[in-house]
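Taking it in order: structure first as structure tokens, then the write-up.
Protein chains in written order, with the working numbering: chain A, 165 to 550; chain B, 165 to 550; chain C, 165 to 550; chain D, 165 to 550.
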């Protein structure tokens with residue numbers, strides 16, 4: 165499948181992560197930049213039959229109509245895209261822009277959600293047909309949604325489909341409707357955000373019924389990445405973590421979204437789930453996300469770990485992470501598109517636990533330790549590569 | 165062998181690490197403290213037949229005559245030992261004190277080094293006989309020595325023994341003479357410092373000839389521990405580390421020793437060797453060790469990692485580690501005594517690469533990644549435990 | 165007045181700050197420790213006629229009955245008091261304990277608040293008479309209260325006294341009732357907490373009517389101290405602060421109190437008021453206080469300042485403050501007792517703005533810049549010293 | 165004098181600081197940017213009769229022939245200059261480029277140093293005449309020189325001039341020869357680097373003889389700025405600083421220059437002088453400057469302050485400063501040109517101690533406390549403004 169044309173359909177195709185991923189893909193294809201940050205280019209994954217940079221065709225859904233070019237200029241000012249690349253990728257960005265369709269919005273998409281899902285699925289199948297693609301991987305990189313109250317329809321596909329046909333009910337949040345549409349279009353799905361997305365038993369059932377793989381959720385790009393590396397260190401050395409406090413400062417659109425406590429809640433829950441699992445016991449772990457608009461695309465996290473050693477000795481480890489979130493996320497989005505395409509090609513079905521390496525809240529796996537996730541990924545890749 | 169009486173002979177038996185290890189052993193034996201920081205108490209090592217806390221008998225060499233009780237009081241002021249334990253361990257400290265003999269000093273031990281080695285070996289065998297010990301593990305926790313110029317005798321046991329018989333030459337530094345004596349006494353040896361110690365081909369030959377295992381070197385207790393955890397994160401994620409700067413502030417005796425650039429050099433070389441190996445390429449990595457007496461037993465390290473991501477994005481990770489070095493080292497000394505005793509019992513010979521987990525500069529292994537070292541240790545333990 | 169016996173009456177006399185202040189006073193009086201942290205011992209304040217350490221007699225109110233000795237032992241474990249001092253101050257702590265009376269609690273003190281105030285005042289005047297004190301300075305070091313809704317009685321002394329006589333109403337929070345009682349007992353008052361305390365127009369009127377000085381509020385001991393030093397640096401250099409985020413981690417009783425958002429609110433408001441005043445414009449300044457019990461008496465604050473320089477260059481300053489709050493506050497409590505005694509002796513009346521140096525939210529002054537506050541204090545002292 | 169044409173002659177006119185200063189001046193003149201970072205635009209200095217941005221004409225000496233435009237492009241990539249300004253300042257940069265003459269280099273300028281000095285002075289007077297300037301302020305912003313051994317000629321102008329006439333001797337380092345030439349050209353001189361420059365008694369004598377003011381040295385732009393703000397905080401609060409360790413990571417040309425220990429020495433001495441003066445006693449203060457090329461124009465400093473409070477309590481303050489050195493220095497260079505022009509106009513002579521605000525190692529003043537320096541500057545300005 166290494167040279168099969170493969171689609172990458174981005175939910176939130178005009179956001180920062182998507183724009184960075186597309187700009188980077190164009191630059192990689194033109195040989196203008198090294199593949200820094202792309203895990204699929206590591207020697208350990210060399211044996212995998214993956215679509216090449218030139219085999220990937222990008223389209224997507226978005227509610228915004230701001231052109232990708234405009235977004236790319238903004239990202240250049242924020243230090244995410246080098247100025248000198250802008251010229252080289254403009255034409256490519258315009259071409260991708262032409263493949264972006266209006267996303268779903270509960271307020272404007274009236275009528276049954278099933279109708280909206282059909283429209284979304286058709287956008288994707290049209291895209292696949294138009295470009296003669298072997299497959300399309302749908303990746304959600306849109307803004308974080310607030311957590312959704314659980315209802316019985318989320319657990320049962322038949323019940324769910326009945327509710328979707330209801331002209332008034334909104335039984336699925338937009339991220340899950342996007343997953344539903346993707347699966348109905350015969351496409352594997354990747355949840356790069358902490359939103360509900362595909363993480364509902366009814367959608368898992370649908371994926372299995374359609375024979376489709378999926379992966380998620382919530383890209384592990386910064387503070388949590390470091391945490392899943394450091395926490396096992398304490399455990400392996402029998403050092404007892406007594407508290408683990410964290411503060412995240414971020415600007416950009418993400419900062420504004422997460423300023424709303426309802427939206428932040430998804431993110432914070434996703435982060436907390438992992439820490440307790442890593443340490444083997446709950447510890448006080450206050451965690452904040454603050455919107456600091458002037459930081460723009462930069463995200464700064466400070467963590468303070470208090471731990472106890474021999475004879476009760478009290479010690480601390482602090483770290484400050486200063487990252488460009490979109491630059492960290494974008495190559496992983498490309499990686500996931502390639503890896504999930506390979507999984508689909510290989511006939512894998514359901515949650516791809518071996519891709520937990522990429523996620524804060526891995527679906528299909530309980531493993532949060534990054535080194536173990538790395539080993540699982542490499543093992544999975546070497547099996548798939550045979 | 166779980167209940168065989170086992171000796172722990174400490175070179176530098178009146179130093180901070182030794183005093184903390186002995187005080188802690190006494191407190192563990194009395195059930196006064198949990199075994200925090202003791203890796204041998206982790207569930208992954210549960211199957212190993214190790215000597216119990218009550219099976220360990222401690223003696224050692226030192227040049228200092230300051231009683232262990234005095235040292236323990238000093239460590240209590242420095243926050244390493246809890247005040248309330250002092251009373252409970254006094255008698256035990258006095259008993260260990262009675263088992264400490266004068267160490268080797270090139271200035272005062274005149275005559276051939278071979279004579280000194282015989283004296284040192286006899287101290288250990290006397291100790292073994294006196295207490296009816298199944299075996300004695302010798303662990304070097306004395307002050308860091310400056311690096312030693314390499315001479316041909318270091319590579320050839322026969323040449324070395326001839327030189328040792330010379331009444332004037334000082335062919336081995338004290339740490340290596342201690343290792344030579346230990347091996348001649350039929351004892352496994354552990355190098356917990358960056359000094360030359362057993363890391364000479366001639367001594368490896370002697371260990372093999374005598375059928376003895378050994379492990380080393382330079383206990384990985386702070387900044388390097390964190391580095392060997394973080395560096396693989398960057399590599400696994402295809403992020404390119406551009407520079408890794410570090411500063412260590414330390415007081416105590418260690419600070420004063422390492423203030424001397426000749427001594428610090430051993431430590432710095434030991435730290436640098438690992439980083440390049442971890443990152444797969446050399447990067448600018450300025451590193452300093454500063455003596456800051458007022459910090460006492462506390463060691464503070466600040467590391468600044470500059471790395472590059474997708475499209476050349478520049479990002480940083482900083483960490484500040486504030487540790488009590490003796491509290492971090494002491495339980496590992498006890499762990500090593502138990503594990504090397506088990507290896508000896510099992511008939512293992514030569515450098516125990518599987519114990520690289522404990523060391524900055526692992527003998528018998530090129531693996532510096534902490535997660536991989538953890539896996540190796542667990543694998544080794546489970547094989548030994550069968 | 166340098167040798168007049170002077171009372172120090174502590175509201176919250178068995179809390180950490182009070183216990184540290186009393187233990188320290190006893191150690192200073194015995195010549196066992198230097199006066200580190202005591203501003204009144206600086207050369208710039210040398211000319212002031214202040215009561216000596218031996219002239220100070222301590223009593224106070226508290227709701228707790230845990231003896232001071234017990235508290236002192238606890239503080240020794242937390243690293244605030246040196247173990248070796250405990251023995252030397254035990255007798256003195258017992259003597260002070262005997263001078264502590266039950267504080268006011270709205271739930272148990274039934275009847276009109278005026279009655280409770282009379283009881284509190286009588287405790288103080290009895291103390292003054294019993295020890296033949298020239299004056300008693302009352303200092304509030306009790307737990308932080310939640311902010312209190314403003315009512316007209318807070319602005320008018322006559323209205324207030326009518327409300328206090330009401331058998332059911334609770335028109336004043338405990339901190340303000342303590343201030344009211346102190347003024348009625350003819351005593352100057354110091355508010356070391358962010359609670360309402362004396363900061364009500366009606367109580368200011370009472371202080372003026374009684375010819376009494378007072379000072380407050382909210383001791384500036386850590387993060388805010390550093391902020392009031394750094395913020396003027398940016399301003400003086402025409403650098404534009406764009407955001408100033410802060411996180412405070414604290415354990416101890418204070419951590420638990422401030423975990424309750426209602427209580428934290430007082431503290432956060434007090435901190436925010438200053439920053440805007442210092443920078444000359446409001447900036448995004450998210451600020452958190454987290455209860456992290458294992459930190460005990462240690463308080464760690466991390467601040468992240470993002471600022472803009474020439475041509476829009478973006479830069480940052482981060483700091484981490486790790487302090488022992490009681491050790492920072494206690495000497496200032498002693499300083500304030502001495503300084504306010506001197507002000508009373510000199511006939512000063514009303515809010516002592518020149519003592520803004522000590523406070524996050526200075527009463528009687530709009531100056532938050534620490535260097536300017538230092539100058540004001542020195543000027544005031546030199547005038548008073550003439 | 166507010167509208168008198170005034171020259172700014174930069175020694176090192178094609179370096180990063182100079183290029184940033186000139187680009188910024190052009191942008192300010194065009195009204196494209198606010199005067200962030202320019203102290204002379206603060207309200208406290210409003211009354212001063214200063215040359216306006218449009219009154220300043222720039223020329224200078226440099227050994228490099230890389231055009232300013234090229235340097236500006238490089239600085240834009242490093243984040244110091246905004247990309248969108250480049251176009252607007254190109255023409256202006258070319259015009260300044262035409263006013264730059266070859267600097268002095270001991271290896272290529274053979275013959276007596278007096279001849280070279282005459283050539284340098286003539287370059288400046290030609291520039292003054294060509295543009296009809298009321299005065300020219302010469303500012304040294306060239307690379308840091310190593311410290312120079314003291315010789316008797318440095319103390320005596322007559323001796324010095326004799327040595328300068330010697331065809332072989334090199335009695336003055338380049339920075340001092342530049343100062344000598346400037347004074348001979350009748351120009352005030354500013355030393356923005358830690359090099360020897362004008363800080364020699366013989367040159368002070370020459371300045372006085374010629375009736376010229378001067379200021380220096382070593383622009384206080386980062387770590388030291390923060391230190392001179394924080395150190396007085398500890399002192400004012402009677403807290404005892406026990407150690408103050410610092411590490412500086414820098415790339416750019418400065419990093420490479422200071423990698424050479426001989427050059428770094430000037431800088432380190434200049435930094436150390438201040439700390440002891442600020443704290444009133446020497447404390448252990450290890451300080452490092454590391455060349456980390458990948459950091460480019462960014463300079464990161466980490467400081468660790470260990471201090472002692474009441475009853476010996478041990479506490480720490482750490483800070484991390486991440487600055488763009490050229491962006492911090494450039495506006496101060498413009499400020500100094502304006503302020504020293506005003507001082508010259510007002511007939512002030514010798515070292516301008518009131519400008520210590522700008523320097524790590526203030527000439528003409530022993531005051532290092534930043535708040536006090538700010539007050540002195542404002543007082544000086546208000547006297548001059550009358």
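Ideal Cβ positions, reconstructed from N, Cα and C, are used throughout, including at glycine.
Find the nearest neighbour of residue i within the set the options, judged by alpha-carbon distance.
i	options	result
residue 489(A)	206(A), 444(A), 356(A)	356(A)
residue 133(C)	549(C), 216(C), 515(C)	For chain C, the structure presents residues 165 to 550; residue 133(C) sits outside this window and is missing.
residue 359(B)	506(B), 207(B), 381(B), 420(B)	381(B)
residue 255(D)	362(D), 550(D), 190(D), 528(D)	190(D)
residue 460(D)	529(D), 168(D), 415(D)	415(D)
Look at the Cβ atom of residue i, then the Cβ atom of residue j, and state whether they are nearer than 9 angstroms.
i	j	result
residue 209(A)	residue 542(A)	yes
residue 211(D)	residue 177(D)	no
residue 583(A)	residue 240(A)	This structure leaves residue 583(A) out entirely; chain A is present only between 165 and 550.
residue 413(C)	residue 366(C)	no
residue 171(A)	residue 291(A)	yes
residue 335(B)	residue 317(B)	yes
residue 175(D)	residue 303(D)	yes
residue 475(A)	residue 385(B)	no
residue 550(D)	residue 478(D)	no
Between residue i and chain B, is there a C-beta pair that is closer than 9 angstroms?
i	result
residue 446(D)	no
residue 277(D)	no
residue 482(D)	yes
Looking at chain D, is there any beta carbon in it that lies within less than 9 angstroms of the beta carbon of residue i?
i	result
residue 543(C)	no
residue 472(B)	yes
residue 468(B)	yes
residue 240(A)	yes
residue 526(C)	no
residue 407(B)	yes
For residue i, would you say it is in contact with chain C, using Cβ-to-Cβ distances shorter than 9 angstroms as the test?
i	result
residue 373(A)	no
Closest Cβ-Cβ distance between residue i and chain A: below 9 angstroms?
i	result
residue 247(D)	yes
If I measure Cβ to Cβ from residue i and keep anything under 7 angstroms in the same chain, skipping five residues before and after, which residues do I get?
i	result
residue 539(B)	none
Report all residues from its chain with a CB closer than 8 angstroms to the CB of residue i; omit the five preceding and five following residues, and keep chain order.
i	result
residue 513(C)	371, 372, 375, 376, 377
Beta-carbon within less than 6 angstroms of residue i's beta-carbon, same chain only, minus the 5 sequence neighbours each way: which residues are those?
i	result
residue 484(C)	466
Does the beta-carbon of residue i, which I'm using as the reference point, lie nearer than 8 angstroms to any heavy atom of the ligand GTP?
i	result
residue 173(C)	In the structure shown, the ligand GTP is absent, as is every other ligand, since no ligand is present at all.
Enumerated in chain order, which unbroken segments of the beta strand (DSSP E) with a length of 3 residues or greater are wholly contained in the stretch 195-257 of chain D?
Scanning the stretch 195-257 of chain D for uninterrupted beta strand (DSSP E) segments of 3 residues or longer gives 220-226, listed from N- to C-terminal end.
4 or more residues per run - each alpha helix (DSSP H) lying fully within the stretch 356-394 of chain D:
Listed in chain order, they are 365-374.
Identify every run of the beta strand (DSSP E) within the stretch 472-521 of chain B, keeping only runs that are complete inside it and at least 3 residues long; order them along the chain.
Fully enclosed beta strand (DSSP E) runs of 3 or longer: 478-488.
In the stretch 272-306 of chain A, which residue ranges form an unbroken beta strand (DSSP E) of at least 3 residues, counting only runs that do not cross its ends?
Those beta strand (DSSP E) runs which fall completely within the stretch 272-306 of chain A and span 3+ residues are 299-304.
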